[in-house]
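Have a look at the structure below, then the notes.
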Amino acid sequence: MLTERQLLILQVIIDDFIESAHPVGSRAISKKEHISFSAATIRNEMADLEDMGFLEKTHSSSGRVPSEKGYRYYVDHLISPSIMHEDGDVIKHIIQDNFFEFEQIVQMSAEVLSRLTNYTTIILGPEIFETKLKQIQIITLSSNTAVAILVTNTGHVEHRSFSIPHEIEPSDIEKMVNIMNDQLSGVPIIQLAEKFNSQIASMMKKYVSNLENSYHYLNAALIQDHPVKLYIGGKSNMLMQPEFNDVDKIRSFYAMIENEDEIASMLKQSKDGIKVSIGRENNVEAIKDLSLITAAYHLGEDQTGTIALLGPTRMEYRRVISLLNILSHEMTEALYMWYKNNE
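When the count follows the working numbering, it moves up by one through the sequence shown with no breaks and lands on 833 for the last residue.
Shown next, in the form of structure tokens:
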């Protein structure tokens with residue numbers, strides 16, 4: 491159990507280190523207006539806090555820095571989310587006054603959060619069980635290649651290139667596109683394969699010559715696994731943090747950011763509410779020197795996505811937790827309205 495004096499000194503050290511990134515010494519603490527202890531007393535308390543594992547001493551300075559245990563205690567016991575009306579108003583203004591498609595709302599949220607915090611934001615889109623096909627277009631690029639363009643009800647546009655056998659006539663492609671738009675529009679993406687194979691093929695037989703060749707190529711182009719959807723803002727923000735002077739850390743971080751499956755797997759474990767993982771509490775090796783803070787947002791009644799912030803363990807936890815709470819609420823509200831308008 492920490493004494494009141496130890497709690498105060500620990501909080502002052504962590505607040506100072508978060509702001510300055512420099513080790514904090516007893517003399518600097520003793521000069522603060524709300525501190526009435528001598529430098530000698532503070533030094534003794536700092537030594538005790540170090541013995542208990544809450545502080546660490548660097549080799550280059552007589553000052554102390556927080557340990558991961560110290561940050562954990564700080565987050566769990568010494569802070570509460572602050573109400574920052576200015577930042578909150580920025581988020582509300584952008585999301586509420588600029589109503590776009592689903593994709594734009596989420597990407598814009600990632601960019602706004604990274605700009606407000608100077609950390610890296612990652613937003614995982616909700617599961618795609620209710621993402622529906624809105625329209626299919628096929629554009630011929632040459633005599634033997636074409637691109638299929640799929641537009642979903644979330645505003646997502648996907649391009650898929652495929653080969654065209656010479657037996658397929660342009661008029662057959664046009665007929666197939668008309669049939670697919672008539673029969674597949676409004677079908678959940680996850681059900682496209684079943685619908686395409688069970689109903690579309692038999693219908694096309696009536697209108698399309700050389701269906702076997704046409705069907706094979708269209709099926710390969712259109713029926714694919716739907717990719718994980720990640721929205722990332724502020725990738726380069728990590729380069730501005732003093733902790734990232736180490737080239738190996740930067741390389742490891744960027745390699746992880748490019749691995750979308752690994753990120754998605756990491757974020758899918760998040761639940762409702764705010765979750766803070768500090769340093770070695772993270773399972774992914776590339777972020778064991780970082781802090782990861784996540785919050786959930788909702789689309790409709792039963793689809794959930796995740797907002798995540800990655801930054802140094804010397805993170806502005808109080809401010810970041812407040813921003814995530816605000817953004818989670820505003821995204822859920824905006825996406826609820828969008829969802830109702832697109833039902």
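Ideal Cβ positions, reconstructed from N, Cα and C, are used throughout, including at glycine.
Quick check: is any heavy atom of the ligand ZN less than 7 Å from the C-beta of E659?
By its list of ligands, the structure shown contains no ligand whatsoever, and the ligand ZN lies outside what it can speak to.
What number of angstroms, rounded off, separates the C-alpha of L800 from the C-alpha of E752?
15 Å
For I658, does the three-state DSSP call read helix, strand or coil?
coil
Which partner residues of F652 appear in the DSSP bridge assignment?
A636
Does Y697 pass the burial test, meaning 16 or more other C-beta atoms within 10 Å, or should it be called exposed?
exposed
Three or more C-beta pairs below 8 Å linking the segment 627-642 and the segment 687-697:
no
7 Å CB neighbourhood of K559 in its chain, flanking five on each side removed
G543 and F544
Short check: CB of L614 to CB of T642, under 8 Å?
no
Residue of M694, V580, I503 and G578 minimising C-alpha distance to K547:
I503
Coarse secondary structure for Q627, derived from DSSP in three states:
strand
Cβ shell of L606 (< 8 Å), same chain only, five flanking positions each side left out:
D577, V580, I581 and L813
Cβ neighbour criterion (16 or more within 10 Å) applied to L825
buried
Restricting to runs no shorter than 3 residues, where is the beta strand (DSSP E) found entirely within the segment 737-814?
765-768, 780-789 and 793-802
Sort S675, S651, Q681 and I629 by Cα distance to P660 and report the nearest one.
I629
Range of the contiguous alpha helix (DSSP H) that encloses I532:
A529 to D541
Can you tell me which of the three DSSP states Y721 falls into?
strand
Rounded separation between P678 and Q793 - CA only
14 Å
Quick check: the segment 776-788 against the segment 525-540, are at least 3 beta-carbon pairs closer than 8 Å?
no
contact_flag[the segment 591-598, the segment 645-653] where n(CB pairs < 8 Å) is 3 or more
yes
With distances taken from CA atoms, which of N534, Y564, S526 and A530 is nearest D506?
Y564
Taking the C-alpha atoms as reference points, what is the distance between T796 and R554?
35 Å
In the structure shown, what three-state DSSP assignment does L708 receive?
helix
Beta-carbon within less than 6 Å of T621's beta-carbon, same chain only, minus the 5 sequence neighbours each way: which residues are those?
T642, T644 and I679
Please classify P655: is it buried, with 16 or more other beta-carbons within 10 angstroms of its beta-carbon, or exposed?
exposed
On the premise that A798 lies in contact with I612, defined as a C-beta separation below 8 Å, what is that separation, rounded to the nearest angstrom?
5 Å
Closest Cα partner of L498 within the set N727, S516, S604 and H512
S516
From this set, N709, W828, M491 and E702, which residue's C-alpha is nearest A638's C-alpha?
N709
CA-to-CA distance, N727 to E702, given in whole angstroms
52 Å
Rounded to whole angstroms, what's the CA-CA distance from S526 to S520? Just pull it up for me.
7 Å
According to the Cβ coordinates, are K725 and I747 closer than 8 Å?
yes
CA-to-CA distance, L682 to S675, given in whole angstroms
10 Å
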